[in-house]
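Accompanying notes for the structure given below.
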Amino acid sequence: MTNIHFILNGKGGIGKSFISSLICQYLLFKSQTITAIDTDPNNTTLFNIKAIKAKFLQLIDEDGKFDNRAFDKIIELAIDKKTNNYIVDSGATTFIPLIDYLKENEAIEILKANEIDVYMHIPIVGGQSKDDTILGLRQLVEAFDCNFIVWINEYHGAIKDFEENPEYIAIKDKIKAIIYLNAVNKDTFGKDLLELTSKNLTFDEAMSDKSFSLMSKQRLKIFKDKAFKQLEIII
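Start counting the sequence shown at 1; every next residue gets the next number (full-length UniProt numbering).
This is the structure in structure tokens:
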């Protein structure tokens with residue numbers, strides 16, 4: 001079965017590209033073939049991780065406007081089925097145009113008609129952006145019929161009792177799974193993850209990188225293993 005994974009929410013700086021890279025790395029770890037697509041015109045984080053070999057999809061035309069027809073390439077690539085998985089990293093600025101495109105063109109329906117499983121991965125963060133990210137989740141769940149994966153990303157702060165939140169309870173029957181990226185010690189795990197992402201490395205690359213200490217590698221392995229264990233149940 002071919003799968004397409006959209007990672008999206010309307011808020012910036014909530015870990016969409018990091019989650020995209022985790023999904024890519026997990027699928028490669030499971031010997032799956034992938035096509036990663038970075039659609040963020042402002043921050044090409046996924047594209048910059050060379051080991052993932054992501055394609056960059058140019059969505060801005062010569063006049064500085066969104067070229068919505070460019071989204072056709074994503075759908076057509078997936079329907080070609082040259083790889084098992086298609087991972088689409090969507091930036092905050094592409095959120096509304098992408099949602100409008102998927103609705104207007106009934107893109108989810110055509111993907112499913114071509115026997116492609118559709119996943120939407122939606123990060124939820126703590127702190128001041130919590131309500132905005134939950135709103136983005138509701139917008140997506142109410143608009144589409146596909147597999148929804150919620151990512152609780154506590155990098156910006158703890159998220160207490162999310163599963164008891166009335167906003168979540170109202171839509172929980174449509175949620176396939178919740179993945180938790182729990183808060184970590186910022187002086188140890190936090191610094192190691194920051195170094196990993198700032199160097200645009202995968203976890204495997206970090207394991208052979210001499211600039212990471214033994215214990216840094218151990219912490220990165222712990223973080224990766226926890227994330228992969230949760231992904232194994234879902235995809």
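Even for Gly, the Cβ is constructed at its ideal location relative to N, Cα and C.
Other residues of its chain near residue i: CB distance less than 7 Å, five sequence neighbours each side excluded
| i | result |
| --- | --- |
| residue 265 | Nothing can be reported for residue 265, as the shown portion of the chain is limited to 1 through 235. |
| LEU135 | none |
| THR39 | LEU57, LEU59, VAL88, ASP89, SER90, GLY91 and THR94 |
| THR44 | ASP38 and PHE56 |
Residue closest to residue i, alpha-carbon to alpha-carbon, out of the options
| i | options | result |
| --- | --- | --- |
| THR188 | GLY64, ILE222, GLN32 and ASP67 | ILE222 |
| GLU195 | VAL88, ASP100, ILE7 and LYS217 | LYS217 |
| ARG69 | GLN58, ASP63, ALA78 and ILE79 | GLN58 |
| ARG219 | LEU231, LYS186 and ASN105 | LYS186 |
| LEU8 | ILE159, GLY64, ALA177 and LEU98 | LEU98 |
| LYS160 | TYR180, THR45, PHE29 and THR33 | TYR180 |
| LYS55 | LYS103, PHE47 and ALA183 | PHE47 |
| GLY64 | ASN42, ASP72 and SER208 | ASN42 |
| ASN3 | ASN84, PHE71 and PHE66 | ASN84 |
| ASP131 | SER208, ASN165, ASP40 and LYS103 | ASN165 |
| ASP145 | GLU106, LYS229 and ASN182 | GLU106 |
| ASP204 | PHE18, VAL150 and LEU28 | LEU28 |
Residue i and residue j closer than 8 Å at C-beta
| i | j | result |
| --- | --- | --- |
| ALA36 | LYS11 | no |
| LYS174 | SER90 | no |
| ILE116 | SER20 | no |
| ILE152 | LEU140 | no |
| residue 249 | PHE6 | Given a span of 1 to 235 for the chain in the structure shown, any question on residue 249 remains unanswerable. |
| THR133 | ILE14 | yes |
| ALA177 | LEU22 | no |
| ASN200 | ILE34 | no |
| PHE66 | ILE74 | no |
| residue 238 | ALA183 | Beyond the ends of the chain as shown, which are 1 and 235, falls residue 238; an answer cannot be given. |
Strand pairing of residue i, partner residues [DSSP]
| i | result |
| --- | --- |
| LYS55 | ILE37 |
| LEU181 | ASN153 |
| GLY6 | Note on residue identity: the sequence assigns Phe, not Gly, to residue 6. In DSSP, PHE6 forms a bridge with VAL88 and MET120. |
| VAL125 | ASN153 |
| PHE66 | ILE60 |
| ASN105 | According to DSSP, ASN105 bridges with nothing at all. |
Spatial neighbours of residue i in its chain, beta-carbon cut-off 6 Å, leaving aside the 5 residues before and after
| i | result |
| --- | --- |
| HIS156 | VAL125, GLY126 and GLY127 |
| THR202 | GLN25 and ALA51 |
| ALA206 | LEU196, PHE212 and LEU220 |
Any non-hydrogen atom of the ligand PLP within 7 Å of residue i CB
| i | result |
| --- | --- |
| LYS199 | Within the structure as shown, the ligand PLP is missing, as the structure has no ligands at all. |
Three or more C-beta pairs closer than 8 Å, one from the segment 75–84 and one from the segment 104–115: is that the case here? yes
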